[in-house]
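Engineer: To start, I am sharing the structure in question, which I have written as structure tokens.
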Amino acid sequence: MQYQVSDSLHWVKRQLDISLSEAQRALEAYVNDPSDAESLGLCQAELHQAVGTLKMLELTGPALLAAEMEEVVRGVLDGRLGSGEHIYEPMIAAILVLPDYLNQLVFGEPDLPAVLSPELNGLRGLSGKPPLSRFDLFALAVGQRLERRDRKSVV
15 MQYQVSDSLH WVKRQLDISL SEAQRALEAY VNDPSDAESL GLCQAELHQA VGTLKMLELT
75 GPALLAAEME EVVRGVLDGR LGSGEHIYEP MIAAILVLPD YLNQLVFGEP DLPAVLSPEL
135 NGLRGLSGKP PLSRFDLFAL AVGQRLERRD RKSVV
């Protein structure tokens, strides 16, 4: 089953890399000039595209991380979260980790969302959400795999 994930991801990896790179550039532009809401809007759009792709591929860890990043960006844009180093640091950490994690998946490593727990929980904390335990993340990944298996057995 892992080969299917890496094969599917391989087909869209280039576009994901472009989206994440654009999101990173836009975030960095915003960090350098917090009055540049247009850059942050571009970051959100690129993250939204990545979230959709990752959900389609059923990659639990990366989809969760990208969705949490998008939510933080939306919170900054609508004024719920403010701005500043306490926001920027977890966002930049997450946006740097995600491409490397996707590269590992392309090379056949399993999607283990618990590996992303520091970045996920850093972002969740910004939004006022409780942290996810490693067990929560493991259960999400197992649930996703069981759903996939069940769909295949029906077909």
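Throughout, my numbering is defined as the position within the sequence shown, counted from one, plus 14. Ideal Cβ positions, reconstructed from N, Cα and C, are used throughout, including at glycine.
Any contact between the region 53 to 71 and the region 145 to 153? By contact I mean 3 or more CB pairs, one from each, below 8 Å.
Structural biologist: The region 53 to 71, when compared against the region 145 to 153, does not touch it at the 8 Å Cβ threshold.
Engineer: Let me know if Q16 comes out buried or exposed under the rule of 16 or more other beta-carbons within 10 Å of its beta-carbon.
Structural biologist: In the sequence shown, counting from the first residue as 1, residue 16 sits at position 2. Because Q16 sits at a pLDDT of 44, beneath the cut-off of 50, its placement in the model cannot be relied upon, and the point is left open.
Engineer: Cα-Cα, which of L112, N117, E72, L119 is closest to L3?
Structural biologist: The question about residue 3 has no answer, for the chain in this structure spans 15 to 169.
Engineer: So, with DSSP's three-state summary, where would you put S147?
Structural biologist: Here residue 147 refers to the residue found at position 133 when the sequence shown is read from its first residue. Reduced to three states, the DSSP call for S147 is coil.
Engineer: Please classify D92: does DSSP put it in a helix, a strand, or coil?
Structural biologist: Position 78 of the sequence shown, counted from the start, is the residue given in the question as residue 92. In this structure, D92 counts as coil in the three-state DSSP scheme.
Engineer: Take V86 as the anchor and find which of G139, V156, W25 has the nearest alpha-carbon.
Structural biologist: Residue 86 sits at position 72 when you count from the first residue of the sequence shown. Checking every option, the nearest Cα to that of V86 belongs to G139.
Engineer: Comparing alpha-carbon positions, which option in F152, A40, L116 lies nearest Q29?
Structural biologist: Within the sequence shown, the letter at position 15 stands for residue 29. Cα-wise, what sits closest to Q29 is L116.
Engineer: Report yes if the CB atom of L54 is closer than 8 Å to the CB atom of A40, and no otherwise.
Structural biologist: Residue 54 sits at position 40 when you count from the first residue of the sequence shown. Residue 40 sits at position 26 when you count from the first residue of the sequence shown. Taking 8 Å as the Cβ cut-off, L54 and A40 qualify as a contacting pair.
Engineer: Which word fits E52, buried or exposed, when buried means at least 16 other C-beta atoms lie within 10 angstroms of its C-beta?
Structural biologist: The count along the sequence shown starts at 1 and reaches residue 52 at position 38. Exposed, because fewer than 16 other Cβ atoms sit within 10 Å of the Cβ of E52.
Engineer: Rounded to a whole number of angstroms, what is the C-alpha to C-alpha distance between A80 and W25?
Structural biologist: Along the sequence shown, one-based indexing puts residue 80 at 66. Along the sequence shown, one-based indexing puts residue 25 at 11. The straight-line gap from Cα to Cα measures roughly 19 Å.
Engineer: Decide if L14 is buried, meaning its Cβ has at least 16 other Cβ atoms within 10 Å, or exposed.
Structural biologist: Past the edges of the chain, shown from 15 to 169, lies residue 14, and the structure says nothing about it.
Engineer: Keeping to the same chain, check which residues put their C-beta closer than 7 Å to that of R88; ignore five residues upstream and five downstream.
Structural biologist: Residue mapping note: residue 88 aligns to position 74 of the sequence shown, counting from 1. For R88, where only same-chain residues beyond five positions count, the Cβ hits under 7 Å are Q58.
Engineer: With the cut-off set at 8 Å, would you say L137 and A108 are in Cβ contact?
Structural biologist: Walking along the sequence shown from the start, residue 137 turns up at place 123. Walking along the sequence shown from the start, residue 108 turns up at place 94. Yes.
Engineer: Where do the N-terminal and C-terminal ends of the alpha helix (DSSP H) with L54 fall, by residue?
Structural biologist: Numbered from 1 along the sequence shown, position 40 holds the residue referred to as residue 54. Element bounds for L54: 51 to 70.
Engineer: Judging by CA-CA distance, which residue of L95, D114, E60, G96 is the nearest neighbour of G75?
Structural biologist: Here residue 75 refers to the residue found at position 61 of the sequence shown. Ranking the options by Cα distance to G75, first place goes to D114.
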